[in-house]
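> Below is a structure I'd like to ask you about.
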Amino acid sequence: MIQDQAIVNRVWSEVLLEELTRFGVTEVCIAPGSRSTPLTLEAEANSKLNIHTHFDERGLGFLALGLAKASQKPVAIIVTSGTAVANLLPAIAESKLTGEKLVVLTADRPAELVGCGANQAINQLGIFSSHVTDSLNLPSPTTNISLGWLLSSVDNALFQQETSGGAVHINCPYPEPLYTNQDKSCAEGYLNTVKAWRESQTIYATRIQSKTIAPENSIDFYGQKGIVLIGSLPLEQAQQATRFAQQLGWPVLCDVQSGVTSDWSHYDVWLQNVRLQSQLIECDCVVQFGARFVSKRLNQWLKNHVVSRQCTYVYISDSDQRDNQNHLSQQHIVTDIAEWVEAHLSPTKLSKHAGWADELKAYSQQVDMLLSQFSAQSDSLSELALACLIEQHTQYADVFLGNSLFVRLVDMFGRIDESAIYTNRGASGIDGIVATAAGVYRAQTRPLILFIGDTSLLYDLNSLALLTHCQIPIVVAVTNNDGGAIFDLLPVPEQQRETLYQMPHGYDFQYAAKQFGLKYQNVASQENFNTVVSEHLTTGQGALIVEVQTPANQASTQLKQFMNRVHAL
0 MIQDQAIVNR VWSEVLLEEL TRFGVTEVCI APGSRSTPLT LEAEANSKLN
50 IHTHFDERGL GFLALGLAKA SQKPVAIIVT SGTAVANLLP AIAESKLTGE
100 KLVVLTADRP AELVGCGANQ AINQLGIFSS HVTDSLNLPS PTTNISLGWL
150 LSSVDNALFQ QETSGGAVHI NCPYPEPLYT NQDKSCAEGY LNTVKAWRES
200 QTIYATRIQS KTIAPENSID FYGQKGIVLI GSLPLEQAQQ ATRFAQQLGW
250 PVLCDVQSGV TSDWSHYDVW LQNVRLQSQL IECDCVVQFG ARFVSKRLNQ
300 WLKNHVVSRQ CTYVYISDSD QRDNQNHLSQ QHIVTDIAEW VEAHLSPTKL
350 SKHAGWADEL KAYSQQVDML LSQFSAQSDS LSELALACLI EQHTQYADVF
400 LGNSLFVRLV DMFGRIDESA IYTNRGASGI DGIVATAAGV YRAQTRPLIL
450 FIGDTSLLYD LNSLALLTHC QIPIVVAVTN NDGGAIFDLL PVPEQQRETL
500 YQMPHGYDFQ YAAKQFGLKY QNVASQENFN TVVSEHLTTG QGALIVEVQT
550 PANQASTQLK QFMNRVHAL
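With numbering that gives the first Met the number 0, letter number 395 in the sequence shown gets 394, and the count goes up by one each step, no holes.
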């Protein structure tokens, strides 16, 4: 029998973390804390795990989210007890909506110290509520409970995650002592109760789910006038969806998050022209790949068209999560996208209505011309001009788009093709953007450019610490319009627009860069921006903050002027 509770704590932590590696976990994000000692020391001792640390649990959660987003693998998080746990909620809520797999390991006081006035003890059971895919509340480690129970319980939770994505919460109450000078040799007998598992590299209690192409009501795609919509998807899947549309000769409308574009780009712009929108009226089939479109106008068109025309609406996704905000009649096919496309295309078959909406390509080109004319009017750097410049830098770097105004401008005016684009468009919060981008950057180990608003950067200023020791180039391009300029596009009360919505702050980020030892440039022209960013991404090292300061209402004014030209097409 093991006398030292610290050893039992360590054994349970060792077994738990080893099982996570067998589910594909290689990255562990750790915040400082004493109660989490058994987990942190065992994570460091496991050679299969790479450790990432951060002093701020809220930022740590988003760092893990970014790692999971880019790697498409589960990522573990270890924090101590108390409010450290609560600070993970924003990242967990985002992962619930966008599917990134987080394994959240929260240290806790044992049950007898909760609710009795003990220090740093809150009720952590069910703290993440419906925002997690599954929760496992472990008992305090004891040799009276078999390691087989521990492993099979962990396996059950992680299998739920494998099928549904999102976060899994494993609460780990550790009694004191937490520290010991003894090694774990005295625990060999207890560990050998799962000897076969220890000597293998397989999951303890495996569960196999067959993945087959889901049957659907028979649809002759080759006989339809259809449209393909591509939402937020990994680039490889978006390319497969594009291939499906091209084979059929259908128009394809690509959200900026897909990383691909088409000859029907700028649809959020031309859909505002009633005459142009009417050219899609003959569409009798919509096939959607990926979710969460930035464009509100596309969602409105989808709702109105499917209802008024009673057309077929098919949603292809590898997730079983619902994406049907308009509550339309929809066939949701949960399957592997590449396999589905392969199964539904025939290289020898001709589509009856190929090219049925090709006339709209010319209008997309006219929008391109209007944008070129707009950019050529002045070399000064506005947010709208910046949205048009992005495509010039995607050859050098991946792109992370922050939330609020700028991602909408890029969706309207950008033309990004064959590039990895990352966002947090689940809950679409402005928190944790820098930390999530830092996670993406670490997972991809290639240059990254982050476009972020000033309020978002102020919100996540702590996370600039995650960029301090970067070696590969990363650019943080902050558009500073002194507050929430997006409210200029919304019908908020004019009298309270500035004080209660925009909340101007009067700050710039020069000294924030100095605080964290980052390079800094303030640019005012398109040429200067392109030069500074291109040089840093191709020959620079580490992190560079590039600040673009613009008048508060400039974007909304320019947007209205530009749309007047579009309505005249």
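Note that the Cβ used here is the ideal one computed from N, Cα and C, for glycine as well.
The structure presented is a predicted model; accordingly, all values stated were derived computationally and were not measured.
Hey, out of T260, L463 and G452, whose CA is closest to A484's CA?
Checked all of T260, L463 and G452; the closest Cα to A484 is G452.
> N122 lies in the alpha helix (DSSP H); which residues open and close that run?
N122 -> no alpha helix (DSSP H), and no H or E assigned at all.
> Quick check on the DSSP output: the alpha helix (DSSP H) that includes K513 runs from which residue to which?
Counting along the chain, the unbroken alpha helix (DSSP H) around K513 starts and ends at Q509 to Q514.
> How would you label T444, buried or exposed, when you count the other beta carbons within 10 angstroms and need 16 or more for buried?
exposed
> Locate the alpha helix (DSSP H) running through P89, then write down its first and last residues.
L88 to T97
> In whole angstroms, give me the CA-to-CA distance for W339 and M411.
29 Å
> The alpha helix (DSSP H) that contains A69, what's its start and end?
E56 to S70
> I'd like to confirm the pairing. Which residues does DSSP put opposite S379 in its beta bridges?
S524
> Measuring CA to CA, which of Q287, R424 and V522 is closest to I332?
Q287
> Round the Cβ separation of G289 and S231 to the nearest angstrom and send it over; I've been treating them as touching at under 8 Å.
5 Å
> I need the DSSP call for G147, collapsed to helix, strand or coil.
Assigned with DSSP and collapsed to three states, G147 falls in helix.
> So within the region 179-254, which uninterrupted beta strand (DSSP E) runs reach at least 3 residues, ignoring any that extend past its ends?
If we require 3 residues or more, the beta strand (DSSP E) runs fully inside the region 179-254 come out as 225-229 and 251-253.
> Buried or exposed: which applies to R206, given that a residue is buried once 16 or more other Cβ atoms fall within 10 Å of its Cβ?
Around the C-beta of R206, fewer than 16 other C-beta atoms lie within 10 Å, and the residue is accordingly described as exposed.
> Under 8 Å, with one C-beta from each stretch per pair, do the region 158-172 and the region 120-135 reach the 3-pair mark?
yes
> Please report the distance separating the alpha-carbon of T260 from that of I415.
Taking the straight line joining both Cα atoms gives about 6 Å.
> Going by alpha carbons, who is nearest to K183 out of V10, D367, Q470 and V305?
Across the set V10, D367, Q470 and V305, the C-alpha of V10 shows the shortest separation from the C-alpha of K183.
> Is it right to say V255 is buried, meaning 16 or more other beta carbons lie within 10 angstroms of its own, or is it exposed?
buried
> Among the candidates T20, G438, G413 and L457, whose CA atom is the shortest distance from the CA of T201?
T20
> For the alpha helix (DSSP H) containing H343, name the first residue and the last one.
First-last of the alpha helix (DSSP H) with H343: I336 to H343.
> E546 bridges to which residues according to DSSP?
V477 and N521
> In three-state DSSP terms, what is D430?
coil
> To the nearest whole angstrom, what separates the beta carbons of W249 and I226, a pair I think is in contact under 8 Å?
6 Å
> Taking N8 as the reference, give the member of I144, E111 and R291 with the closest Cα.
The option with the nearest alpha carbon to N8 is I144.
> With DSSP collapsed to three states, give me the class of T52.
strand
> Over what stretch of residues does the alpha helix (DSSP H) that includes D487 continue unbroken?
From DSSP, D487 is part of no alpha helix (DSSP H); its letter is neither H nor E.
> Whole angstroms is fine: what's the gap from E26's alpha carbon to E41's?
13 Å
> At what residue ranges does the region 438-475 contain a whole run of the beta strand (DSSP E), taking only runs of 3 or more?
447-452
> Can you give me the Cβ contacts of L447 inside the same chain, cut-off strictly under 7 Å, excluding the 5 residues immediately before and after it?
A396, D397, F399, A436, V439, Y440 and I473
> According to the Cβ coordinates, are Q271 and R242 closer than 9 Å?
No.
> Given L543, which residues of its chain have a CB within under 6 Å of its CB, disregarding the five upstream and five downstream residues?
V474, K518 and H535
> Looking at C171 and L12, is the spacing between their C-beta atoms short of 9 Å?
The amino acid occupying residue 12 in the given sequence is Ser; Leu does not appear at that position. Yes, the Cβ-Cβ distance between S12 and C171 is below 9 Å.
> Look at the alpha carbon of T311 and the alpha carbon of N325, and state the distance between them as a whole number of angstroms.
14 Å
> Just to confirm, are N521 and E546 a CB contact at a threshold of 9 Å?
yes
> Specify, as a first and last residue, the run of the beta strand (DSSP E) that D133 falls within.
D133 to N136
> Cβ of S151 within 9 Å of Cβ of A204?
yes
> If you compare alpha carbons, which of C387, S257 and Q364 is closest to A419?
S257
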